[in-house]
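Working notes, structure below.
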Amino acid sequence: MPSPQQARAQASAITSGKTAPEVEAAPTSQLRALFDRPRLSPGQRRIAQYLIEHITEAAFLSITELADRVGVSQPSVTRFAGAVGFSGYPALREKLQAIALGTLAGGPATAEEDRGNELQAAVDAEIDNLENLRRDFADPDQVIDVGRRLSESTPLTVLGLRISASLAEYFAYAARRIHPDVRLVTRGGSVAYDALLQSREAGGTWVLAFSLPRHAQETLSAVRLARGAGLRVALVTDLALGPVADEADVTFATGTGSRLVFDSYAAPGVMAAALLQAMTDADPERTQARLEAYEQISDQHQFFLRD
C-alpha cells in the first residue's frame, strides 16, 4: 500500500495551462505584471508599491494627490507612467481604474465592524492572501517550469535567513524526500558565500530563496553572491518590487498576514508546497523510487507513530 505522500504525489500532479479561464488574475498580480517589466528607480518603485497597496483609492487620485501621498514630485509620476509603458499619467490612471473597479465589483467590502475581533480579522486577511494566490494559480505554467528547473539542479540550494529560515527548513526537509542533494543555507555572511560557491562548483544551477518581512540585508547580499557565482535564483517573497526581487531570476510574490504583532505566512507556505509538488511532477519515477526507499527506512527504524 502506498504511503500518504506517495498517493498524493500520484494524484496531485499540476496540470499545465489555465484551468479556470474565467477567473481573472488578482489585482495585485495584474499590477505586479504591469510594473515588473522595466528596471524602476527607487522613487518609481515607491510609486508602484503605493499603487499596489492602495489600488482602490489610488486609482482615482489626481497626479498632484498621488505625488503628495508617495512623497515624490509630479514629474516623477509622469516619468513613472512612461517607464511602465503609458503615454502619460492619464493613460496609466485609466488602466488603474479598470483594475480597481474590477476589484470593487468582486464583492462588497466587509466593514471593519463586521470582521469580528482582531484574531478573526487576521484570519480574514490570510484568507484574502490565499484567494489572491488561488487566482494566480489559474495559470500554473511558471510554477511547473521552475519546479522542473529546481528538480534538475543537483545540488539544489535552499536559502532562508532570519525569520525566513523556517520556511526554508520546511522546504528543504520535504525536498530531501524527492531530491538526492538538497543544501540548506540559514546563515548569512561568509558562511552563505561558502555554501553557495560549493554548490555551484558541485554542479548546482539554481537556488530557491525565501525573503519575508522584515527583509534582511544579508538576504540581498546572499542573492547577489549566488548570482555572482553563476547560480540562478527563484525567490518566494511578499514583494515583487524591490532590491531582492530585482536580483532574482524568477519571483513568486505572495501576501503575508500583518494584522498581528508578528507576521503569518499562510500563502508563502502554500507557494512552497506548490513548488514541491511541481518538483515531484518533474521526475515522477525518481519521486516514486525515493519515497518508496524512505518508507522502507522509516518503517525499519520506526521513525513515526502508527496511525
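Counting from 1, one number per residue, gives the positions in the sequence shown under UniProt numbering.
Cβ atoms here follow ideal geometry from the backbone N, Cα and C, with glycine treated the same way.
Whole-Å CB distance - residue i paired with residue j, under 8 Å assumed
i           : j    : result
residue 320 : Q44  : Examination of residue 320 is not possible in this model, given that the chain is present from 1 through 307 alone.
I99         : L31  : 7 Å
S153        : T205 : 4 Å
A222        : L159 : 6 Å
I14         : D283 : At roughly 14 Å, the Cβ-Cβ gap does not stay under 8 Å, so I14 and D283 are not in contact.
E218        : L161 : 5 Å
Rounded separation between residue i and residue j - CA only
i           : j    : result
R232        : Q142 : 15 Å
E295        : V261 : 40 Å
F210        : V236 : 5 Å
A83         : E94  : 16 Å
Y265        : L156 : 23 Å
L212        : D181 : 25 Å
F60         : P27  : 15 Å
L130        : D238 : 13 Å
I47         : A293 : 52 Å
Q302        : R286 : 24 Å
A91         : Q277 : 41 Å
residue 308 : P75  : An answer regarding residue 308 cannot be provided, because it is not within the stretch 1 to 307 covered by the chain.
P21         : A168 : Confidence at P21 is low in this model, with a pLDDT of 49, below 50, so the placement of that residue should be treated as unreliable; the coordinate-derived value is given next. Whole-angstrom Cα-Cα distance: 32 Å.
Q300        : R306 : 13 Å
D124        : G203 : 44 Å
D263        : R134 : 20 Å
Q198        : L208 : 16 Å
P42         : V191 : 30 Å
I163        : A267 : 16 Å
Residue j beta carbon less than 8 Å from that of residue i
i    : j    : result
Y89  : V70  : no
F137 : A272 : no
A229 : R200 : yes
L96  : I63  : no
L150 : L275 : yes
A58  : R259 : no
E126 : G269 : no
P140 : S16  : yes
L241 : L196 : no
G255 : N132 : yes
Spatial neighbours of residue i in its chain, beta-carbon cut-off 6 Å, leaving aside the 5 residues before and after
i    : result
V250 : V146 and A234
G189 : none
I144 : I14, S16 and A278
Cβ neighbours of residue i in the same chain (closer than 8 Å, five flanking residues each side left out)
i    : result
P243 : L220
F304 : S298
Same chain, Cβ closer than 7 Å to residue i, neighbours up to 5 away in sequence not counted
i    : result
H215 : V244
P108 : Because P108 carries a pLDDT of 44, less than 50, the predicted location of this residue cannot be relied on, and the following value inherits that uncertainty. Nothing listed; no residue qualifies.
M279 : G147, L150, S151, A175, I178 and H179
S73  : A67
D77  : Strictly speaking, residue 77 in this sequence is Val, with Asp absent from that position. For V77, where only same-chain residues beyond five positions count, the Cβ hits under 7 Å are I47, I63, L66, A67 and Y89.
A165 : T186
Y193 : L225
At 3 residues or longer, and completely inside the region 86 to 168: list those beta strand (DSSP E) runs for me, N to C.
-> 156 to 160
Taking the runs of the alpha helix (DSSP H) that are 4 residues or longer, which of them lie wholly in the region 45 to 89?
-> 55 to 58, 63 to 70 and 74 to 83
Within the region 158 to 234, note down every full beta strand (DSSP E) run reaching 3 residues or more, in order along the chain.
-> 182 to 185 and 206 to 211
Of all the beta strand (DSSP E) runs that stay within the bounds of the region 230 to 279, which reach a length of 3 or more residues?
-> 232 to 237 and 250 to 253
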